[in-house]
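Each residue of the sequence shown is one higher than the one before, starting from 20 at the first, in this note's numbering.
Working notes, structure below.
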Amino acid sequence: MKPSATLQKTAASRLFRDGFAVWSTSLGCALLAGGFLWLLPNELFTHLLAPAHLTIGLLTGLFGLASGSWLRQRQITHTLQIHRDASEKYQRLAFYDQLTGLPNRSLLRDRLEQYLAEAKRFDHLMGVVFLDLDRFKYINDSMGHAAGDALLQMAAERMQKCLRNNDTVARFAGDEFVVVLSGFRDLQNVPCIAQKLLRTLADPYLVNGSEVFTTASLGIAIYPDDGTSAERLMRNADTAMYAAKEANGNTYRLFSQEMDRKLSLRLEMETGLRQALLRKEFQLLYQPQFDMRDGQLIGVEALVRWNHPGKGLLTPDSFIQLAEETGIIAPLGEWILGEACRQWHLWPQINGRALRLAINLTSRQFKHDCLVADITDLLETTGLPADCLELEITEGTLMQHAELAGPLLRELKALGVQLSIDDFGSGYFSLSYLQNLPIDRLKIDPAFVQGGPGDKGHATIVTTIIDLARNMNLELIAEGVESADQIDFLLQKGCHTGQGYYFAEPLDGDGISDFIASLPAKPPESMSSPSMCSTGTRTL
Ligand SMILES: [Mg+2]
Numbered sequence: 020m021k022p023s024a025t026l027q028k029t030a031a032s033r034l035f036r037d038g039f040a041v042w043s044t045s046l047g048c049a050l051l052a053g054g055f056l057w058l059l060p061n062e063l064f065t066h067l068l069a070p071a072h073l074t075i076g077l078l079t080g081l082f083g084l085a086s087g088s089w090l091r092q093r094q095i096t097h098t099l100q101i102h103r104d105a106s107e108k109y110q111r112l113a114f115y116d117q118l119t120g121l122p123n124r125s126l127l128r129d130r131l132e133q134y135l136a137e138a139k140r141f142d143h144l145m146g147v148v149f150l151d152l153d154r155f156k157y158i159n160d161s162m163g164h165a166a167g168d169a170l171l172q173m174a175a176e177r178m179q180k181c182l183r184n185n186d187t188v189a190r191f192a193g194d195e196f197v198v199v200l201s202g203f204r205d206l207q208n209v210p211c212i213a214q215k216l217l218r219t220l221a222d223p224y225l226v227n228g229s230e231v232f233t234t235a236s237l238g239i240a241i242y243p244d245d246g247t248s249a250e251r252l253m254r255n256a257d258t259a260m261y262a263a264k265e266a267n268g269n270t271y272r273l274f275s276q277e278m279d280r281k282l283s284l285r286l287e288m289e290t291g292l293r294q295a296l297l298r299k300e301f302q303l304l305y306q307p308q309f310d311m312r313d314g315q316l317i318g319v320e321a322l323v324r325w326n327h328p329g330k331g332l333l334t335p336d337s338f339i340q341l342a343e344e345t346g347i348i349a350p351l352g353e354w355i356l357g358e359a360c361r362q363w364h365l366w367p368q369i370n371g372r373a374l375r376l377a378i379n380l381t382s383r384q385f386k387h388d389c390l391v392a393d394i395t396d397l398l399e400t401t402g403l404p405a406d407c408l409e410l411e412i413t414e415g416t417l418m419q420h421a422e423l424a425g426p427l428l429r430e431l432k433a434l435g436v437q438l439s440i441d442d443f444g445s446g447y448f449s450l451s452y453l454q455n456l457p458i459d460r461l462k463i464d465p466a467f468v469q470g471g472p473g474d475k476g477h478a479t480i481v482t483t484i485i486d487l488a489r490n491m492n493l494e495l496i497a498e499g500v501e502s503a504d505q506i507d508f509l510l511q512k513g514c515h516t517g518q519g520y521y522f523a524e525p526l527d528g529d530g531i532s533d534f535i536a537s538l539p540a541k542p543p544e545s546m547s548s549p550s551m552c553s554t555g556t557r558t559l
């Protein structure tokens, strides 16, 4: 039973009990008075029944009775009002969000069930819209929680204004809202409502005297096609909302089975990824890097692979982003660093020089607060000389964390490690930004290397990157080298180091040790002809 109903029942029961007490007391008094009069002597009775005394007595009695009744009624009314107020207050606390005044999750659930029953009964369509404000966390963090709360209140008000009276908008959690579109017949209405919501939420908000901008991502599930239960409709609308988020927000997506399939796949991958470390399913491969002028091995890049029990050997393209999103990258990154350093100790020196070990850092690893401390700790515990460790960071990561990158790279550089920009040329790197970074080396994106020299456009880009590196006093390494023509072109333009299938494919721990051991003590005069497979490789 609902608490409000319990309160009302208690008040009614008390009213009945009090009323019964009043009337039973009055009846008792009347009987006592009657008995008293019956027992009086005749003279005294006659005297008491004198008309004047009788009138005064009757009036006094009536007045007393009326006053008592009025006072009692007032008390009852007051008690009922207190109960009513308490009941309403409880209802607001239990079923409405305190910040926005919108229905909360409990009331949303009730309304959803009610609308669903009506839609089934009258054979109508019904829509559930899952709505999340874009970049709200950024606004909350940068302007404070009070500003965030004010924005949520304004957003809630705007949503209510642009919906019909019989629709419901509820606050689901934080900056997430759910709109229930009650019975309608034409599916074409839904995109119009979604666009209307997007437009009204994208208007600037005046918070603390400043204009603040935010947008929303909407996911929509329609009864009956996308689900016939409240739970299923909510889940599918949520899935569609994430698809809108993936499309950079400020848009809506209608749920589709394909989204469901992708989500299931993602959940399956996520579960597998979490177990992969424990089951030791990750593996490191090592790709040699050469000086192309004399064939000298100069370094090795560590590349992670996931030996998936059902899908075989997976490259980072298929799981690193998920590892970043789920936070699995932290233990995975730690394992990669430790394992690669352990392997490095097994490699002999080449002509009196220790090999350079290149390790890729992902975006989340790069921005991690403890990166410098972790690398310091790694160098100390593994005994790897700092100048033998090269950290590769992609252009995208550096641009994503542009403010953080300069100071962080300088801290890393102070440890003595080498730094390189991976996949250079594939992003939108600012050249003025580049000149202020303590970078040792640019790694030319394999897509450009593999295109040249036959592809005029790619050849021009490679030439430009080589000229840029020379003018900025940076070293270069070409990735994805696959043919002798490419080597000739790169050497001719001034890029002297490279890695790729032409030289060696990525090898496992034993394979790279054997490969290094098999190298001639004295480097050959020139590189031998291609002997490895000709398929290109993407490196992490
Ligand atoms: Mg790399």
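For glycine and all other residues, C-beta sits at the position ideal for the given N, C-alpha and C.
| message | For the pair the segment 133-147 and the segment 188-195, tell me if three or more CB-CB distances fall below 8 Å. | response | no
| message | Need the endpoints of the beta strand (DSSP E) that LYS462 sits in, please. | response | Taking the first residue of the sequence shown as 1, we reach residue 462 at position 443. It spans 460-463 - the beta strand (DSSP E) in which LYS462 sits, taken as one unbroken run.
| What three-state label does DSSP hand ALA536 in the structure shown? | Residue numbering aside, residue 536 sits at position 517 when the sequence shown is read from its first letter. In this structure, ALA536 counts as helix in the three-state DSSP scheme.
| Three-state secondary structure (DSSP) at LEU562? | Residue 562 falls outside the range modelled here, since the chain spans only 20 to 559, and no answer is possible.
| query | Cβ atoms of PHE196 and LEU126: under 8 Å apart, would you say? | reply | Reading the sequence shown from its first residue, position 107 is the one you call residue 126. Reading the sequence shown from its first residue, position 177 is the one you call residue 196. In this structure, PHE196 does not lie closer than 8 Å to LEU126 by Cβ.
| task | Could you tell me which residues DSSP puts in a beta bridge with GLN437? | result | The sequence position of residue 437 within the sequence shown is 418, counting from 1. Answer is GLU409.
| message | Within a Cβ cutoff of 8 Å, which residues of the same chain sit near PHE232, ignoring the five residues on either side of it in sequence? | response | Taking the first residue of the sequence shown as position 1, residue 232 is located at position 213. Cβ neighbours of PHE232 beyond the five flanking positions: ALA221, PRO223, TYR224.
| said: Does THR219 come out as helix, strand or coil in the three-state DSSP assignment? | reply: The residue labelled residue 219 in the question sits at position 200 within the sequence shown. DSSP places THR219 in helix when its eight states are reduced to three.
| message | Between which residues of its own chain and ASP406 is the CB-CB distance below 6 Å, once the five residues before and five after are set aside? | response | Against the sequence shown, residue 406 aligns to sequence position 387. Result list for ASP406: GLY435, in chain order.
| request: Report yes if the C-beta of ASP486 is less than 7 Å from at least one heavy atom of ligand 1; otherwise report no. | output: Counting from one through the sequence shown, the residue named residue 486 turns up at place 467. Outside the cutoff, so no.
| said: I'd like to know whether the C-beta atoms of ALA359 and LEU376 end up nearer to each other than 8 Å. | reply: For the purposes of this step, residue 359 is identified with residue 340 of the sequence shown, where counting begins at 1. For the purposes of this step, residue 376 is identified with residue 357 of the sequence shown, where counting begins at 1. It is a contact, given that the beta carbons lie within the stated cut-off.
| message | I want to check one thing, is the minimum distance from the CB of GLU343 to the heavy atoms of ligand 1 below 7 Å? | response | Taking the first residue of the sequence shown as position 1, residue 343 is located at position 324. Flag unset: Cβ of GLU343 not near ligand 1.
| query | Cβ-heavy atom distance between ASP441 and ligand 1 below 7 Å? | reply | Position 422 of the sequence shown holds residue 441. Yes - ligand 1 has a heavy atom lying nearer than 7 Å to the Cβ of ASP441.
| said: Are there any heavy atoms of ligand 1 lying less than 7 Å away from the beta-carbon of GLU320, as far as the coordinates show? | reply: Counted from its first residue, the sequence shown places residue 320 at position 301. Checking the Cβ of GLU320 against ligand 1 gives yes.
| message | Assuming ASP151 is part of the beta strand (DSSP E), what are its boundary residues? | response | Stepping through the sequence shown from its first residue, residue 151 is reached at position 132. Its beta strand (DSSP E) spans residues 144-152.
| Where does GLY335 fall in DSSP's three states? | Here residue 335 refers to the residue found at position 316 of the sequence shown. Sequence check: residue 335 is Pro here, not Gly. DSSP places PRO335 in helix when its eight states are reduced to three.
| Any chance the CB of ASN370 is under 7 Å from a heavy atom of ligand 1? | Within the sequence shown, numbered from 1, the residue matching residue 370 stands at position 351. No, ligand 1 has no heavy atom inside 7 Å of this Cβ.
| Between the Cα of GLU137 and the Cα atoms of ASP257, PHE203, MET260, which residue gives the shortest distance? | The residue labelled residue 137 in the question sits at position 118 within the sequence shown. GLU137 has its Cα closest to that of PHE203, out of ASP257, PHE203, MET260.
| Quick one: is the Cβ of GLU409 within less than 7 Å of any heavy atom of ligand 1? | Reading the sequence shown from its first residue, position 390 is the one you call residue 409. Placement of the Cβ of GLU409 at a distance of 7 Å or more from every heavy atom of ligand 1 is found.
| Rounded separation between SER248 and ASN267 - CA only | As a first step, residue 248 must be located in the sequence shown, where it is residue number 229. As a first step, residue 267 must be located in the sequence shown, where it is residue number 248. Each residue's Cα considered, the two are about 29 Å apart.
| Per the contact definition of three or more C-beta pairs closer than 8 Å, is the segment 404-420 in contact with the segment 439-455? | With the cut-off at 8 Å, the segment 439-455 and the segment 404-420 touch.
| message | In the DSSP output, what is LEU273 paired with across the bridge? | response | As a first step, residue 273 is located in the sequence shown; it is residue number 254 there, counting from the start. Looking at the DSSP assignment, LEU273 forms a beta bridge with ILE239.
| request: Whole angstroms is fine: what's the gap from GLY517's alpha carbon to ARG460's? | output: Counting from 1 along the sequence shown, the entry for residue 517 is found at position 498. Counting from 1 along the sequence shown, the entry for residue 460 is found at position 441. Rounded to the nearest angstrom, the two C-alpha atoms are 12 Å apart.
| SER236 versus GLN276 - alpha carbon distance | What you label residue 236 is simply residue 217 of the sequence shown in a count that begins at 1. What you label residue 276 is simply residue 257 of the sequence shown in a count that begins at 1. About 19 Å.
| Comparing the CB of ASN123 with every heavy atom of ligand 3, is any distance shorter than 7 Å? | Ligands displayed in this structure: ligand 1; ligand 3 is not among them.
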